[in-house]
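Undergrad: Note that the working numbering gives residue 1323 to position 34 of the sequence shown, counting from 1, and the numbers run on in steps of one.
Using N, Cα and C, we set each Cβ at its ideal position, and we do this for glycine too.
In this text, all values refer to a predicted model and were calculated from it rather than measured experimentally.
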Amino acid sequence: MTGGLVTFGETMALFTPPTVGRLRHAGSLMLGIGGAESNVAIGVARLGLPAAWFGRVGADELGETVLTRIRGEGVDVDAAVRDSEVPTSLMIKERPQPGIARVTYYRQGGPGARLRPSDVDESVLRGAQILHLTGITPALSDSACETVRASVELARTLGVLVSLDVNYRAALWPAERATPVLRELVRHCDVLFAGDDEAELLGVTGAPEVQARRLAGLGPREVVIKLGARGAVGWVDGAPVAVDALPVEAIDAVGAGDAFVAGYLAELMSGEPVTERLATAAACGACAVSVPGDWEGFPHRDELSLLTSRHGTVIR
1290 MTGGLVTFGE
1300 TMALFTPPTV
1310 GRLRHAGSLM
1320 LGIGGAESNV
1330 AIGVARLGLP
1340 AAWFGRVGAD
1350 ELGETVLTRI
1360 RGEGVDVDAA
1370 VRDSEVPTSL
1380 MIKERPQPGI
1390 ARVTYYRQGG
1400 PGARLRPSDV
1410 DESVLRGAQI
1420 LHLTGITPAL
1430 SDSACETVRA
1440 SVELARTLGV
1450 LVSLDVNYRA
1460 ALWPAERATP
1470 VLRELVRHCD
1480 VLFAGDDEAE
1490 LLGVTGAPEV
1500 QARRLAGLGP
1510 REVVIKLGAR
1520 GAVGWVDGAP
1530 VAVDALPVEA
1540 IDAVGAGDAF
1550 VAGYLAELMS
1560 GEPVTERLAT
1570 AAACGACAVS
1580 VPGDWEGFPH
1590 RDELSLLTSR
1600 HGTVIR
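(1) What's the call for Ile1452, buried or exposed, on a 16-neighbour Cβ count within 10 Å?
(2) Flag this pair as yes or no: are the beta carbons of Val1522 and Glu1498 separated by less than 7 Å?
(3) DSSP three-state label for Ile1540, please.
(4) Less than 7 Å separating the beta-carbons of Ala1402 and Ser1373?
(5) Taking the beta strand (DSSP E) that Gln1386 belongs to, which residues open and close that run?
(6) Could you tell me which whole alpha helix (DSSP H) segments of length 4 or greater appear in the segment 1524–1582?
(7) Looking at the unbroken beta strand (DSSP E) that takes in Ser1327, where does it start and where does it end?
(8) Whole angstroms is fine: what's the gap from Pro1562's alpha carbon to Glu1556's?
(9) Spatial neighbours of Val1537 within its chain, please: C-beta separation below 6 Å, excluding the five flanking residues on both sides.
(10) Kindly indicate which three-state DSSP category Val1513 falls into: helix, strand or coil?
(11) Quick one: give me the first and last residue of the alpha helix (DSSP H) that Arg1466 is part of.
(12) Less than 7 Å between C-beta atoms, sequence neighbours within five positions excluded: which residues of the same chain meet that for Gly1352?
(13) Going straight from the alpha carbon of Gln1397 to that of Asp1431, what length do you get?
(14) Within the same chain, show all residues whose beta-carbon is closer than 7 Å to that of Asp1485, passing over the 5 residues directly before and after it, in chain order.
(15) Note the first and the last residue of the continuous beta strand (DSSP E) segment covering Val1370.
(16) Going by C-alpha distance, which of Gly1586, Val1550, Asp1591 and Asp1365 is nearest His1421?
(17) Identify, in the order they occur along the chain, each residue of the same chain with its Cβ nearer than 6 Å to the Cβ of Arg1335, setting aside the five sequence neighbours on each side.
(18) Assess contact between the segment 1380–1387 and the segment 1299–1312, defined as three or more Cβ pairs (one per stretch) separated by less than 8 Å. Is contact present?
(19) Between the Cα of Gly1506 and those of Gly1552, Gly1492 and Arg1519, spot the shortest distance and give me the residue it belongs to.
(20) Tell me the DSSP secondary structure of Gly1347 in three-state form.
(21) Which of the three DSSP states is assigned to Thr1308 in this structure?
(22) Which of the three DSSP states is assigned to Asp1367 in this structure?
(23) With a CB to CB cut of under 6 Å and the five nearest residues on each side skipped, what residues in its chain are close to Trp1462?
(24) For Tyr1553 versus Ala1528, is the C-beta distance shorter than 7 Å?
(25) Cα-Cα, which of Gly1508, Gly1293 and Ala1325 is closest to Asp1547?
(26) Suppose you measure from the CA of Val1437 to the CA of Ala1539; what does that come to, to the nearest Å?
(27) Is the beta carbon of Ala1483 sitting closer than 7 Å to the one on Val1455?
(28) CB Leu1318 to CB Met1380, shorter than 7 Å?
(29) With distances taken from CA atoms, which of Thr1305, Val1470 and Cys1573 is nearest Asp1591?
(30) What is the residue span of the beta strand (DSSP E) that Val1499 lies within?
(31) For Val1441, report the span of its alpha helix (DSSP H) as first-last.
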């Protein structure tokens, strides 16, 4: 792949009840897919930039569903591995009450945990602009963690920028195990995304603006602290930056952070200034929360302007 973004991790089959209420009362489930890294790849592709995702899926129909859906969004999945030893991992997202989502994972020992350094194909990274990683993948297993380290080392050798979204998942690993691994990755990344709570996990306290500056002192040249409905602040090339969140009705917040990251990285690859990168990131996050699904609401480039349309507008 020439230019663009490369990312990898575990993408799962996603089952969602069509209505609000407890899962036990659902009469049917909708089939989709979800994974932080593939979400970002889809978001970047929808904004018109090349994107590739690889990882392991089971050699089963759910694995083919994962690959088909990602490929269908214009993302290159040629380097993905079909693993015949284990089934594709699952996640279930229910809405027990309006405005509340609960996600349950069935991924222990799944394909993502079986990632290995040999899965990182140099030909996929060569010529890419950005390698994007999350803190989810190293939590899956020792071999997955080593795969992340190997990819960072290769990216450095090839002159590819490294992006990291901390994306801490307490259900996957405890803080005392996660912190040293994540701090090591922070020291070797160029662009860092974190929540203010995740910055504290990394040992950095203070107001979000202070956290961004202190995290930049660990190595990244660009740090963005995602604050959800409060927008985002950061420290980029030695200066503070900030953006407000766009006022929208939040329907499903899952995936909003991935949309934000995709918007920022797409504009970074396009050579846009940091103000434009943050503006697009905020718009992508707003679009994502306005639509049910992990990535379905991510905007195409020509849809970003819809956020400024008056309520009730009919487009013909």
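TA: Judging by the given coordinates:
(1) Translated into the one-based positions of the sequence shown, residue 1452 becomes position 163. For the record, residue 1452 in the displayed sequence is Ser; it is not Ile. Buried: at least 16 other Cβ atoms inside 10 Å.
(2) For this step, residue 1522 is matched to residue 233 along the sequence shown. For this step, residue 1498 is matched to residue 209 along the sequence shown. A contact, by the Cβ cut-off of 7 Å.
(3) Working through the sequence shown from its first residue, we reach residue 1540 at position 251. In the structure shown, Ile1540 sits in coil (DSSP, three-state: anything other than H, G, I, E or B).
(4) Here residue 1402 refers to the residue found at position 113 of the sequence shown. Here residue 1373 refers to the residue found at position 84 of the sequence shown. Against a cut-off of 7 Å, the Cβ pair of Ser1373 and Ala1402 comes out as no contact.
(5) Within the sequence shown, numbered from 1, the residue matching residue 1386 stands at position 97. That run of the beta strand (DSSP E) goes Leu1379 to Gln1386.
(6) 1545–1558 and 1563–1578
(7) The count along the sequence shown starts at 1 and reaches residue 1327 at position 38. Per DSSP, Ser1327 belongs to no beta strand (DSSP E); it is in the alpha helix (DSSP H), Ala1325 to Arg1335.
(8) Residue 1562 sits at position 273 when you count from the first residue of the sequence shown. Residue 1556 sits at position 267 when you count from the first residue of the sequence shown. Looking at the two C-alpha atoms, the distance is approximately 8 Å.
(9) Residue mapping note: residue 1537 aligns to position 248 of the sequence shown, counting from 1. Ala1575 and Ser1579, listed in sequence order.
(10) In the sequence shown, residue 1513 corresponds to position 224, counting from 1. The answer is strand: DSSP assigns Val1513 an E or B state.
(11) Within the sequence shown, the letter at position 177 stands for residue 1466. From DSSP, the alpha helix (DSSP H) with Arg1466 extends over Ala1464 to Arg1476.
(12) Reading the sequence shown from its first residue, position 63 is the one you call residue 1352. Val1346, Arg1371 and Thr1377.
(13) Residue mapping note: residue 1397 aligns to position 108 of the sequence shown, counting from 1. Residue mapping note: residue 1431 aligns to position 142 of the sequence shown, counting from 1. Roughly 13 Å between the two C-alpha positions.
(14) Stepping through the sequence shown from its first residue, residue 1485 is reached at position 196. Excluding sequence neighbours, Asp1485 sits near Pro1497, Gln1500, Ile1514 and Leu1516.
(15) Locating residue 1370 in the sequence shown gives position 81, counting from the first residue. Val1370 to Asp1372 is the extent of the beta strand (DSSP E) around Val1370.
(16) Counted from its first residue, the sequence shown places residue 1421 at position 132. Among Gly1586, Val1550, Asp1591 and Asp1365, the Cα nearest to that of His1421 belongs to Val1550.
(17) Against the sequence shown, residue 1335 aligns to sequence position 46. Here the set comprises Phe1587 and His1589.
(18) yes
(19) The residue you call residue 1506 lines up with position 217 of the sequence shown. The shortest Cα separation from Gly1506 among Gly1552, Gly1492 and Arg1519 belongs to Gly1492.
(20) As a working note, residue 1347 is residue 58 in the sequence shown. Here Gly1347 sits in strand by DSSP.
(21) Position 19 of the sequence shown, counting from 1, holds the residue named residue 1308. If DSSP states are grouped into helix, strand and coil, Thr1308 belongs with coil.
(22) If you number the sequence shown from 1, residue 1367 lands on position 78. Of the three classes helix, strand and coil, the one that applies to Asp1367 here is coil, per DSSP.
(23) What you label residue 1462 is simply residue 173 of the sequence shown in a count that begins at 1. Excluding sequence neighbours, Trp1462 sits near Ala1428.
(24) Mapped onto the sequence shown, residue 1553 falls at position 264. Mapped onto the sequence shown, residue 1528 falls at position 239. Going by C-beta atoms, Tyr1553 is not nearer than 7 Å to Ala1528.
(25) As a working mapping, residue 1547 is identified with position 258 in the sequence shown. Of the listed residues, the one whose Cα sits closest to Asp1547 is Ala1325.
(26) The sequence position of residue 1437 within the sequence shown is 148, counting from 1. The sequence position of residue 1539 within the sequence shown is 250, counting from 1. Each residue's alpha carbon lies about 33 Å from the other.
(27) Residue mapping note: residue 1483 aligns to position 194 of the sequence shown, counting from 1. Residue mapping note: residue 1455 aligns to position 166 of the sequence shown, counting from 1. Contact: yes.
(28) On the sequence shown, residue 1318 is found 29 positions in, with the first residue counted as 1. On the sequence shown, residue 1380 is found 91 positions in, with the first residue counted as 1. No, they are not a contact pair.
(29) In the sequence shown, counting from the first residue as 1, residue 1591 sits at position 302. Out of Thr1305, Val1470 and Cys1573, Cys1573 has the C-alpha closest to the C-alpha of Asp1591.
(30) One-based indexing of the sequence shown puts residue 1499 at position 210. From DSSP, Val1499 is part of no beta strand (DSSP E) but of the alpha helix (DSSP H) over Pro1497 to Ala1505.
(31) Position 152 of the sequence shown holds residue 1441. It spans Asp1431 to Leu1447 - the alpha helix (DSSP H) in which Val1441 sits, taken as one unbroken run.
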